[in-house]
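First comes the structure, then the notes that go with it.
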Amino acid sequence: MPLLPDHLVIRVHDLKTTIADFAELGFTVQRGGTHADGTTHSALIGFADGSYIELIAFLKDAREHRWWDEHQRAGEGFVDFALLPESVARTVEATYARGLYYDGPIPGGRIRPDGTRLEWQIGRPTTRDLPFLCGDLTPRFLRVAEGEARTHRNGATGLAAVNVAVSNLEKSIARYRILLGDVPVHRGALTGLGVYFATLPIGRTTVTLLSPVARTRADDDPDAGNTTALAEALRSHLAIRGEGVFSAAIHVADAAQARALPLSLSHGARLEFVYATGG
Numbered sequence: 001m002p003l004l005p006d007h008l009v010i011r012v013h014d015l016k017t018t019i020a021d022f023a024e025l026g027f028t029v030q031r032g033g034t035h036a037d038g039t040t041h042s043a044l045i046g047f048a049d050g051s052y053i054e055l056i057a058f059l060k061d062a063r064e065h066r067w068w069d070e071h072q073r074a075g076e077g078f079v080d081f082a083l084l085p086e087s088v089a090r091t092v093e094a095t096y097a098r099g100l101y102y103d104g105p106i107p108g109g110r111i112r113p114d115g116t117r118l119e120w121q122i123g124r125p126t127t128r129d130l131p132f133l134c135g136d137l138t139p140r141f142l143r144v145a146e147g148e149a150r151t152h153r154n155g156a157t158g159l160a161a162v163n164v165a166v167s168n169l170e171k172s173i174a175r176y177r178i179l180l181g182d183v184p185v186h187r188g189a190l191t192g193l194g195v196y197f198a199t200l201p202i203g204r205t206t207v208t209l210l211s212p213v214a215r216t217r218a219d220d221d222p223d224a225g226n227t228t229a230l231a232e233a234l235r236s237h238l239a240i241r242g243e244g245v246f247s248a249a250i251h252v253a254d255a256a257q258a259r260a261l262p263l264s265l266s267h268g269a270r271l272e273f274v275y276a277t278g279g
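Taken in order, the sequence shown gives residues 1 to 279; the numbers are from full-length UniProt numbering.
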């Protein structure tokens, strides 16, 4: 089975407030419970396509944690995304054989508010431009609720796109092709915006790698001198947060529902609703 989109992770300061804000945006939000190590707790927004958004907040200091934000330097917003493998162990072994190292399988889990204990395994990349792997050991429907929990007032149906800020586009493309196999890659430039990109399909979701042109190349690249809002936002993201999820798009059921979500309610996560036939 190929790797499929699993979930986006948004780090927030106060989970109760965040749940209320995402509910105001029209999402059905489920309380997820406390993770096995007692460091974080979460809430989930599940979609009809099987993917979901995880809202996660720290319960105590955890300097060793991959998503810890020392002194709240970066603030709220996207911190990661995950792919769903058939087997974390086999995927880690296969990628290693092709020259890409993932740490794992690493045990993980959480206890739901109803007391149900969930277990999964993680595969963790050594670079932040890549997604991590999250594979269930307990039945998946326990982690990602089915039925009415996947229906939303705002018409959200699934994960349309994940946009990832990267420092070196060619190196990131090479890593993704090792991870995903022989997938088609479309390279291009946002002419006049000072940004290069590459798109790769993961299931029905498009992953776009975005890299601002280095200012030092202004003499030999007509796009390099541009300081557009997008290029500056990418440079700021890379400087403060490092490589990783920059923004994302969610499919909605009706064209009238397409819009960008206010950052004040999405807690720093650049999210937009997009409509496409069949989305």
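The beta carbon of each residue, even a glycine, is placed where N, CA and C say it ideally should be.
Since we're looking at a predicted model, the values are computed, not measured.
Checklist entry - From which residue to which residue does the beta strand (DSSP E) around aspartate 103 run? => result The count along the sequence shown starts at 1 and reaches residue 103 at position 103. That run of the beta strand (DSSP E) goes 102-111.
Next on the checklist: For alanine 218 and leucine 100, I'd like the C-alpha separation in whole angstroms.
Outcome noted: By 1-based counting over the sequence shown, the position of residue 218 is 218. By 1-based counting over the sequence shown, the position of residue 100 is 100. Its pLDDT being 48, under 50, alanine 218 is placed unreliably in this model, and the coordinates cannot settle the point.
Checklist entry - Are the C-beta of aspartate 14 and some C-beta of chain D separated by less than 8 Å? => result The structure shown contains no chain D; it is built from a single protein chain.
Checklist entry - Can you give the Cα-Cα distance for proline 2 and valine 92, rounded to whole angstroms? => result Taking the first residue of the sequence shown as position 1, residue 2 is located at position 2. Taking the first residue of the sequence shown as position 1, residue 92 is located at position 92. Each residue's Cα considered, the two are about 13 Å apart.
Checklist entry - With DSSP run on the structure shown, which of helix, strand or coil describes glycine 192? => result Numbered from its first residue, the sequence shown carries residue 192 at position 192. DSSP places glycine 192 in coil when its eight states are reduced to three.
Checklist entry - Between which two residues does the beta strand (DSSP E) harbouring alanine 231 extend? => result Here residue 231 corresponds to residue number 231 of the sequence shown, with the count starting at 1. From DSSP, alanine 231 is part of no beta strand (DSSP E) but of the alpha helix (DSSP H) over 229-240.
Checklist entry - Residues in its own chain within less than 7 Å of alanine 260 by CB, not counting five upstream and five downstream? => result To locate residue 260, count along the sequence shown from 1; it is residue 260. Same-chain partners within the cutoff: Glu272.
Checklist entry - Which residues in the same chain have their Cβ closer than 6 Å to the Cβ of threonine 191, if we skip the five residues on either side of it in sequence? => result Counting from one through the sequence shown, the residue named residue 191 turns up at place 191. The answer is none, since no qualifying residue turns up.
Checklist entry - Under three-state DSSP, which class holds arginine 128? => result Reading the sequence shown from its first residue, position 128 is the one you call residue 128. It is coil, neither helix nor strand.
Checklist entry - How would you call asparagine 163, buried or exposed, if buried means at least 16 neighbouring beta carbons within 10 angstroms? => result Within the sequence shown, the letter at position 163 stands for residue 163. Buried, since its Cβ has 16 or more Cβ neighbours within 10 Å.
Next on the checklist: Excluding the 5 residues flanking phenylalanine 47 on each side, which residues of the same chain have their C-beta closer than 7 Å to its C-beta?
Outcome noted: For the purposes of this step, residue 47 is identified with residue 47 of the sequence shown, where counting begins at 1. Only Arg150, Ala156, Thr157, Gly158, Leu159 meet the Cβ criterion.
Next on the checklist: Count Cβ pairs between the segment 164-181 and the segment 194-209 that sit closer than 8 Å; are there 3 or more?
Outcome noted: yes
Item to check | Delimiting residues of the beta strand (DSSP E) encompassing serine 247 | outcome: Locating residue 247 in the sequence shown gives position 247, counting from the first residue. 244-252 is the extent of the beta strand (DSSP E) around serine 247.
Checklist entry - Rounded to whole angstroms, how far is the Cβ of isoleucine 10 from the Cβ of phenylalanine 27, which I believe are closer than 8 Å? => result Taking the sequence shown and counting its residues from 1, one reaches residue 10 at position 10. Taking the sequence shown and counting its residues from 1, one reaches residue 27 at position 27. With a Cβ gap of about 12 Å, isoleucine 10 and phenylalanine 27 do not count as contacting.
Checklist entry - Considering serine 42, what are the terminal residues of the beta strand (DSSP E) in which it resides? => result Your numbering for residue 42 matches position 42 in the sequence shown. Here the beta strand (DSSP E) through serine 42 covers 40-46.
Checklist entry - Tell me, which residues are paired with histidine 35 by DSSP? => result To locate residue 35, count along the sequence shown from 1; it is residue 35. DSSP output for histidine 35 lists Arg110 as bridge partner(s).
Next on the checklist: Using a Cβ-Cβ cutoff of less than 6 Å, which residues in the same chain neighbour histidine 267 once the five nearest sequence positions on both sides are dropped?
Outcome noted: Your numbering for residue 267 matches position 267 in the sequence shown. Cβ neighbours of histidine 267 beyond the five flanking positions: Val12, Thr18, Glu76.
Next on the checklist: I need the boundaries of the beta strand (DSSP E) containing arginine 90, first residue and last residue.
Outcome noted: Reading the sequence shown from its first residue, position 90 is the one you call residue 90. It is not in any beta strand (DSSP E) - arginine 90 instead sits in the alpha helix (DSSP H) that spans 88-97.
Next on the checklist: Using only CA atoms, which one of Leu4, Ala198, Gly242, Gly32 lies nearest to tryptophan 67?
Outcome noted: In the sequence shown, residue 67 corresponds to position 67, counting from 1. Checked all of Leu4, Ala198, Gly242, Gly32; the closest Cα to tryptophan 67 is Gly242.
Checklist entry - What is the DSSP secondary structure of arginine 177, reduced to helix, strand or coil? => result Position 177 of the sequence shown, counted from the start, is the residue given in the question as residue 177. Residue state, collapsed to three classes: helix.
Checklist entry - For glutamate 70, is the classification buried or exposed, using 16 other Cβ atoms within 10 angstroms of its Cβ as the cut-off for buried? => result Counting from 1 along the sequence shown, the entry for residue 70 is found at position 70. By the neighbour-count rule (16 or more Cβ atoms within 10 Å), glutamate 70 is not buried but exposed.
Item to check | Closest Cα partner of valine 166 within the set Phe246, Val29, Leu83, Glu119 | outcome: To locate residue 166, count along the sequence shown from 1; it is residue 166. Checked all of Phe246, Val29, Leu83, Glu119; the closest Cα to valine 166 is Phe246.
Item to check | Cβ neighbour criterion (16 or more within 10 Å) applied to glutamine 72 | outcome: Within the sequence shown, the letter at position 72 stands for residue 72. Flag for glutamine 72 reads exposed.
Checklist entry - I think tyrosine 30 touches alanine 20, with their Cβ atoms under 8 Å apart; what is that distance to the nearest whole Å? => result Locating residue 30 in the sequence shown gives position 30, counting from the first residue. Locating residue 20 in the sequence shown gives position 20, counting from the first residue. The residue asked about is misnamed: residue 30 is glutamine in this sequence, not tyrosine. At roughly 14 Å, the Cβ-Cβ gap does not stay under 8 Å, so glutamine 30 and alanine 20 are not in contact.
Item to check | Segment contact, 8 Å Cβ cut-off, at least three pairs: the segment 98-114 with the segment 122-132 | outcome: yes
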